[in-house]
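Asks:
Number of protein chains: 2
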Amino acid sequence: MAGEQPNGRDDILDSAVRLFNERGYYGTSTRDIAKGAEMTAASIYHHFASKQEILQSIMGRALQGALSMTRAAVIRAGGTPDGQLRALMRAWVVFHATHRRDAVVGATELRSVEGPGRDRVVALRDEQEALFRDVVLRGVEESVFATGFPYEATRSIISAGQSICMWWRDDGPMSVDELADRYEAIALAIVEYHPA
Amino acid sequence: MAGEQPNGRDDILDSAVRLFNERGYYGTSTRDIAKGAEMTAASIYHHFASKQEILQSIMGRALQGALSMTRAAVIRAGGTPDGQLRALMRAWVVFHATHRRDAVVGATELRSVEGPGRDRVVALRDEQEALFRDVVLRGVEESVFATGFPYEATRSIISAGQSICMWWRDDGPMSVDELADRYEAIALAIVEYHPA
């Protein structure tokens, strides 16, 4: 593509994500990121003002990516709470299995996000939790979900899906599709969905 | 107590846990740990050979602590799978709410454990997972738990409880006891326990 550089923004982000997974944000230097992207530390600063800005780009990509996928899934799922929860959990699981490294940074490096960018990251995380919670609460209101603890149920569903990024391996025996089927069933069990 | 030093082993571990929570293992220096414990870096080496040894002590304390509490709970719970799962989840939740900082290190710093000590840490983690899995599998065998996916159910129960260390605040409106009640209900829902 015209204007595309061989070692650009995406190479920097890929190198940073890999290193943040291995050693965390504070354990990674801008020099390490440059080395991993096969460029000089100076040329990193053509793209990002600081290591903190790189982290915020990755966090934004991870949280915004998951939110977009899950929101779109809910909207396309039709009207029933159980259909919406299935679609939501499916998208959440697929995201965490297919964007593992981004997801690990998203799940572990909130503590490292500083300054005004922090508000944006926290807002995205809260938005994601609200999407799950609204689907669960509506199911409870309509007596489709019998759980007495919708807030804890919501958190349990979110963390069950999120933890997939910590152990999922692409070369394992199960497909992402099969994994998503199973976690759909788990999510419905958590809210105590009993088909009428 | 005779022989107890004002700034000893426990102060070092407390300082290290606090810093590992804030900045991660790689982002924390032995000098930082010493400063937090109000001692010199040199005197740290009276107690620990390296920062890695400090990490392994904390990981061991966290994983061994959780394993001891949950094993004891299962043994005292009596014979039914649902009674065992209730006791197990209760102990797991109480541990993660009352040992938050240790638990965060235990959950996030496995990547940083190096050398032969790694085998011990991995063995403890696997032992913990096996305890949950055995209780769930036995419930399924005895048709007390109806889940079709006992492995994913096990993982979901573990991560639901584990994630409590990321958000629990001691000064919140809920007691640890009430929290444990709710997560007991969630764990039974995940395995699809239906009283006969």
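Residue numbers (my numbering), protein chains in the order written: chain A, 126 to 321; chain B, 126 to 321.
Even for Gly, the Cβ is constructed at its ideal location relative to N, Cα and C.
These numbers were taken from a predicted model, which means no experiment stands behind them.
1. Just the Cα atoms here: how many angstroms apart are G273 of chain B and I315 of chain A?
2. In whole angstroms, give me the CA-to-CA distance for E147 of chain A and S268 of chain A.
3. Could you give the uninterrupted runs of the alpha helix (DSSP H) lying entirely in the region 145-220 of chain B, keeping only those of 4 residues or more?
4. By Cβ distance below 7 Å, which residues in the same chain neighbour V265 of chain B in space, the five residues on each side in sequence not counted?
5. For a contact meaning CB atoms closer than 8 Å, what does Y151 of chain A contact in chain B?
6. Quick check on A187 of chain B - is its C-beta less than 9 Å from some C-beta in chain A?
7. What does the alpha-carbon distance come out to for the pair H224 of chain A and I179 of chain A?
8. Could you tell me whether any Cβ in chain B is nearer than 9 Å to the Cβ of F274 of chain A?
9. Tell me whether the region 221-238 of chain B and the region 133-145 of chain B touch, counting them as touching only if at least three CB pairs, one residue from each stretch, are closer than 8 Å.
10. Buried or exposed for A255 of chain B, please, with buried defined as at least 16 other CB atoms from any protein chain shown within 10 angstroms of its CB.
11. When you check each C-beta in the region 276-292 of chain B against every C-beta of chain A, which residues fall closer than 9 Å?
12. Rounded to whole angstroms, what is the Cα-Cα separation between Q177 of chain A and T233 of chain B?
13. Report the neighbours of T233 of chain A on chain B: residues whose CB is nearer than 7 Å to its CB, in chain order.
14. In three-state DSSP terms, what is F257 of chain B?
15. Going along the chain, which residues of its own chain have a beta-carbon closer than 6 Å to the beta-carbon of M126 of chain B, five neighbours each way excluded?
16. Quick one: list the residues of chain B neighbouring A314 of chain A, beta-carbon separation under 7 Å, in chain order.
17. With contact counted as at least three CB pairs below 8 Å, one residue from each stretch, are the region 190-199 of chain B and the region 212-221 of chain B in contact?
18. Does E129 of chain B pass the burial test, meaning 16 or more other C-beta atoms within 10 Å, or should it be called exposed?
19. Is G128 of chain A close to chain B, meaning its C-beta is less than 9 Å from at least one C-beta of that chain?
20. Using a 10 Å radius around the Cβ and a threshold of 16 neighbouring Cβ atoms, would you call E277 of chain B buried or exposed?
21. Return the residues of the region 153-180 of chain B that lie within a Cβ-Cβ distance of less than 9 Å from chain A, sorted by chain order.
22. D207 of chain A and Y318 of chain A: beta carbons closer than 9 Å?
23. Can you give the Cα-Cα distance for V246 of chain A and C290 of chain B, rounded to whole angstroms?
24. Would you kindly work out how many angstroms separate the C-alpha atoms of A310 of chain B and R250 of chain B, rounded to a whole number?
25. Name the two residues that bound the continuous alpha helix (DSSP H) containing S288 of chain A.
26. On a Cα-Cα basis, can you pick out the residue from B:T205, B:I137, B:A187 that is closest to Y170 of chain B?
27. Looking at the unbroken alpha helix (DSSP H) that takes in E234 of chain A, where does it start and where does it end?
28. Please classify A248 of chain B: is it buried, with 16 or more other beta-carbons within 10 angstroms of its beta-carbon, or exposed?
29. So, does the CB of A212 of chain A fall closer than 9 Å to a CB anywhere in chain B?
30. Just reading off the alpha helix (DSSP H) that D302 of chain A is part of, what are its end residues?
31. Applying a beta-carbon distance threshold of less than 7 Å, which residues of chain A neighbour I311 of chain B?
32. Report the rounded CA-to-CA distance for D306 of chain A versus R280 of chain B, giving the unit in angstroms.
33. Could you tell me if the beta carbon of V219 of chain A falls within a distance shorter than 8 Å of some heavy atom in the ligand ATP?
34. From R134 of chain A to E163 of chain A, what does the alpha carbon distance come to, in whole angstroms?
35. Rounding to the nearest angstrom, what Cα-Cα distance links A187 of chain B and R243 of chain A in this structure?
36. If you measure from the beta carbon of S237 of chain A to each beta carbon in chain B, is any gap under 9 Å?
Replies: Walking through what the data contain:
1. Here residue 273 of chain B is taken as the residue at index 148 of the second sequence, counted from 1. Here residue 315 of chain A is taken as the residue at index 190 of the first sequence, counted from 1. G273 of chain B and I315 of chain A have their alpha carbons spaced roughly 14 Å apart.
2. Here residue 147 of chain A refers to the residue found at position 22 when the first sequence is read from its first residue. Here residue 268 of chain A refers to the residue found at position 143 when the first sequence is read from its first residue. Here the C-alpha atom of E147 of chain A lies approximately 45 Å from the C-alpha atom of S268 of chain A.
3. Listed in chain order, the complete alpha helix (DSSP H) runs (minimum 4 residues) inside the region 145-220 of chain B are 155-161, 166-169, 176-201.
4. For the purposes of this step, residue 265 of chain B is identified with residue 140 of the second sequence, where counting begins at 1. When the five nearest sequence neighbours on each side are left out, the beta carbons in the same chain lying within less than 7 Å of the beta carbon of V265 of chain B are those of T272, P275, in order along the chain.
5. Here residue 151 of chain A refers to the residue found at position 26 of the first sequence. Here the neighbours are R148, G149, Y151, G152, T153.
6. Counting from 1 along the second sequence, the entry for residue 187 of chain B is found at position 62. Taking Cβ atoms only, chain A never reaches closer than 9 Å to A187 of chain B, which makes this a no.
7. As a working mapping, residue 224 of chain A is identified with position 99 in the first sequence. As a working mapping, residue 179 of chain A is identified with position 54 in the first sequence. For H224 of chain A and I179 of chain A, the gap between their C-alpha atoms comes out near 17 Å.
8. For this step, residue 274 of chain A is matched to residue 149 along the first sequence. Yes, because at least one Cβ of chain B sits closer than 9 Å to the Cβ of F274 of chain A.
9. The region 221-238 of chain B and the region 133-145 of chain B touch, with no fewer than 3 CB-CB distances between them shorter than 8 Å.
10. Start at 1 with the first residue of the second sequence, and residue 255 of chain B comes out as number 130. Counting C-beta atoms within 10 angstroms of its own C-beta, A255 of chain B has fewer than 16 neighbours from the protein chains shown and is therefore classed as exposed.
11. The residues in question are Y276, E277, A278, R280, S281, I282, I283, S284, A285, G286, Q287, S288, I289, M291, W292.
12. Along the first sequence, read from residue 1 onward, the residue named residue 177 of chain A stands at position 52. Along the second sequence, read from residue 1 onward, the residue named residue 233 of chain B stands at position 108. Rounded to the nearest angstrom, the two C-alpha atoms are 20 Å apart.
13. As a first step, residue 233 of chain A must be located in the first sequence, where it is residue number 108. T233, listed in chain order.
14. For this step, residue 257 of chain B is matched to residue 132 along the second sequence. Looking at F257 of chain B - three-state DSSP - the assignment turns out to be helix.
15. To locate residue 126 of chain B, count along the second sequence from 1; it is residue 1. Confidence at M126 of chain B is low in this model, with a pLDDT of 44, below 50, so its placement is unreliable and no value can be given for it.
16. As a position in the first sequence, residue 314 of chain A is number 189, starting the count at 1. Identification of chain B residues near A314 of chain A by a Cβ-Cβ cut-off of 7 Å yields T272, A314, I315, E317, ordered along the chain.
17. Yes, since at least three Cβ pairs between the region 190-199 of chain B and the region 212-221 of chain B fall closer than 8 Å, the two stretches touch.
18. Along the second sequence, one-based indexing puts residue 129 of chain B at 4. Legend: pLDDT at E129 of chain B = 49, less than 50; position of this residue unreliable, value from coordinates given subsequently. E129 of chain B comes out exposed.
19. Counting from one through the first sequence, the residue named residue 128 of chain A turns up at place 3. Its pLDDT being 47, under 50, G128 of chain A is placed unreliably in this model, and the value from its coordinates should be taken loosely. No, because no Cβ of chain B sits closer than 9 Å to the Cβ of G128 of chain A.
20. What you label residue 277 of chain B is simply residue 152 of the second sequence in a count that begins at 1. By the beta-carbon neighbour count (other beta carbons within 10 angstroms, threshold 16), E277 of chain B is buried.
21. From the region 153-180 of chain B, only T153 have a Cβ closer than 9 Å to chain A.
22. Sequence index remark: in the first sequence, residue 207 of chain A carries index 82 (1-based). Sequence index remark: in the first sequence, residue 318 of chain A carries index 193 (1-based). In this structure, D207 of chain A lies near Y318 of chain A, with their beta-carbon atoms less than 9 Å apart.
23. For the purposes of this step, residue 246 of chain A is taken as residue 121 along the first sequence, with counting starting at 1. For the purposes of this step, residue 290 of chain B is taken as residue 165 along the second sequence, with counting starting at 1. When rounded, the distance between both Cα atoms is 20 Å.
24. Here residue 310 of chain B corresponds to residue number 185 of the second sequence, with the count starting at 1. Here residue 250 of chain B corresponds to residue number 125 of the second sequence, with the count starting at 1. Between the alpha carbons of A310 of chain B and R250 of chain B lies a gap of roughly 24 Å.
25. Reading the first sequence from its first residue, position 163 is the one you call residue 288 of chain A. It is not in any alpha helix (DSSP H) - S288 of chain A carries neither H nor E in the DSSP assignment.
26. Here the question's residue 170 of chain B lines up with position 45 in the second sequence. The option with the nearest alpha carbon to Y170 of chain B is B:I137.
27. For the purposes of this step, residue 234 of chain A is identified with residue 109 of the first sequence, where counting begins at 1. Taken as a continuous stretch (DSSP letters only), E234 of chain A belongs to no alpha helix (DSSP H), as it is neither H nor E.
28. The residue given as residue 248 of chain B occupies position 123 in the second sequence. Counting Cβ neighbours within 10 Å, A248 of chain B comes out exposed, since fewer than 16 surround it.
29. Within the first sequence, the letter at position 87 stands for residue 212 of chain A. Output row for A212 of chain A: interface = no.
30. As a working mapping, residue 302 of chain A is identified with position 177 in the first sequence. In the DSSP assignment, D302 of chain A falls within the unbroken alpha helix (DSSP H) covering 301-315.
31. The residue you call residue 311 of chain B lines up with position 186 of the second sequence. Within chain A, the residues near I311 of chain B are F274, E277, A278, S281, I315.
32. Along the first sequence, one-based indexing puts residue 306 of chain A at 181. Along the second sequence, one-based indexing puts residue 280 of chain B at 155. Approximately 15 Å between the Cα atoms of the pair.
33. The ligand ATP is not part of the structure shown, which contains no ligands of any sort.
34. The sequence position of residue 134 of chain A within the first sequence is 9, counting from 1. The sequence position of residue 163 of chain A within the first sequence is 38, counting from 1. Straight-line measurement puts the Cα of E163 of chain A at about 12 Å from the Cα of R134 of chain A.
35. Taking the first residue of the second sequence as 1, we reach residue 187 of chain B at position 62. Taking the first residue of the first sequence as 1, we reach residue 243 of chain A at position 118. Approximately 29 Å between the Cα atoms of the pair.
36. Within the first sequence, numbered from 1, the residue matching residue 237 of chain A stands at position 112. Flagged as an interface residue toward chain B: S237 of chain A, by a C-beta distance shorter than 9 Å.
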